[in-house]
Amino acid sequence: MTESSTNYGLSKILLAGGVVIFAIGQSLLFIVVAPMARSIGFTEFEFGIAFSLANVSLIFAGPFWGKKSDAIGRKPVFIIGLFGSAVGTAAMALTLRYGMDLKEAGVTAGFGLLALVFASRVIYGLTASAIYPSSSGYMADVTGWNDRAKGMALIGSANALGSILGPAIGGGLAFLGVLFPMWAAVGLSIVAAFIAIAWLVEPEQHKIRKANKDPAKPALKFTDPRLVPYMILWAAFFIIFISLNFVTAFYIQDQYNITQIDDVMRVASIMLACMAVVITLVQGVLFQIIKLEPHLLMLIAGPSFALAVFTIAFAPNLIALGIGFAILGGSFACATPGINGSASLKMEAHEQGTAAGYLAAANTSGAILGPVVGAGLYNIQPNAPMLAGGVLMLFISVYAFTIEKPVQAQP
């Protein structure tokens, strides 16, 4: 159903570069925006509710852009996502600047400013969410059956690399102003969009789809039995992962008696870096050399995820905690090409973008439910989110073995 990737080397590099820049901007949002929200007068609860509600838009936007990329092509949707990332980040930066001006004028942040934060995040979510479905669909178009996991791993490693570079760029540019890193991300996204306009090649598969389009073919549904198992896997992964991320700073502070906020954030950054570095090395280097079937990677991801969160739950010191996060990185390194690659191999060519959008929507459930689950369990016991997540992931691992392996259609 897909063509060889040999003619798309430069385009795949450009695509991965765009994902890196998007991930830089995404990570900067949480590094810059969260502390700024507190400084302009919002409570963590108010800010968290605004972001969680805004993230609901991602559930609808991801599938929408996935379908659009199937219909009009991967390239235009990817470019829309890059421009949308720039516009959404700029809107958030302007909102925070307005909040800083209000604070300097002695005006307390109110509902109006919170509504602007919500609106900025919605703009970002509705447009930047075009990037993942279009990039995943692009890789599905330009990779064959045996290279699908390799292509999906490239997208995953690009995302992880951006997550590493984001904090570094934020710290390196902060001396120019607290909002300057966000404006730098805006500029990078715009440059990446124009580079994509000039040099990103639309996959030949899109022309084939348009030429062979059969109006009688039903559109891929959210409840398609070929796709639902992989959506369940991603929803479980991300609910646990986001809940863990949400409580990590508190856990470090409470379990290891680190009281200074700067020290807590430094240790938390190191832990997340341990995870991101492993993802980048495994997906960006190892999986580009060694070919493993997506189904096998999917089966490995669950047990290794359970091992990671149990290690974190019982880590006696920071070294053991770092090992746990590194194992977590290895799990995600397998999950992205494993789950997305397996799902892609079960889809027809005209369904690839839509399927990627639905999978992205499943991920979003973690962004919505994860903070609530993590905070609720943490109030019971500090390591309860990890213990509950490990148990759930053991059940999910068993469930993964019931998912039928993709079978290549005979020509």
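Heads up: the sequence shown is residues 1268 to 1678, going by the numbering used here.
A virtual CB, placed ideally from N, CA and C, is assigned to each residue, including glycine.
None of the values given here were measured: they were computed from a predicted structure.
Query	Result
Would you call the stretch 1619-1627 and the stretch 1401-1409 touching, i.e. three or more CB-CB distances under 8 Å?	yes
Around the C-beta of Gly1418, are 16 or more other C-beta atoms found within 10 angstroms, so that it is buried, or is it exposed?	buried
Given a cut-off of 7 Å on the beta-carbon distance, is the pair Ser1424 and Gln1550 in contact?	yes
Can you have a look at Ile1346 and say buried or exposed, based on whether 16 or more other CB atoms are within 10 angstroms of its CB?	buried
When you compare the stretch 1504-1521 with the stretch 1642-1661, are there three or more beta-carbon pairs, one atom per stretch, that lie closer than 8 Å?	yes
Measure from the alpha carbon of Ala1317 to the alpha carbon of each residue in Met1359, Phe1385, Leu1494, Gly1379, then state which is nearest.	Phe1385
Kindly confirm or deny that the stretch 1532-1547 and the stretch 1594-1601 touch, where touching means at least three C-beta pairs closer than 8 Å.	yes
With 16 as the cutoff for other CB atoms within 10 Å, does Ile1506 come out buried or exposed?	buried
Tell me the rounded alpha-carbon separation between Ala1427 and Val1287.	8 Å
Taking 7 Å as the threshold (C-beta atoms), are Lys1342 and Glu1469 in contact?	yes
Quick check on the DSSP output: the alpha helix (DSSP H) that includes Ile1606 runs from which residue to which?	First-last for Ile1606: undefined, no H or E at that position.
Could you say which of Ile1537, Phe1309, Ala1573 lies nearest to Phe1378 if we only look at CA atoms?	Phe1309
Within 10 Å of its beta-carbon, does Phe1461 have 16 or more other beta-carbons around it, so buried, or fewer, so exposed?	exposed
Here's the rule: buried if 16 or more other CB atoms are within 10 angstroms of the residue's CB, otherwise exposed. What is Pro1673?	buried
Measure the alpha-carbon distance for Thr1362 versus Ala1376 and round it to whole angstroms.	11 Å
How many angstroms separate the CA atom of Trp1412 from the CA atom of Gln1555?	15 Å
Could you compute how far the alpha carbon of Ala1627 sits from the alpha carbon of Thr1394?	13 Å
If you measure between the beta carbons of Tyr1391 and Leu1494, is that distance less than 7 Å?	no
Can you round the beta-carbon distance between Ala1502 and Ser1632 to whole angstroms, since I take them to be within the 8 Å contact cut?	5 Å
If you pair each beta-carbon of the stretch 1664-1671 with each one of the stretch 1363-1372, do three or more pairs fall below 8 Å?	no
Which full runs of the alpha helix (DSSP H) of 4+ residues lie inside the stretch 1461-1520, going along the chain?	1471-1478
Can you have a look at Gly1605 and say buried or exposed, based on whether 16 or more other CB atoms are within 10 angstroms of its CB?	buried
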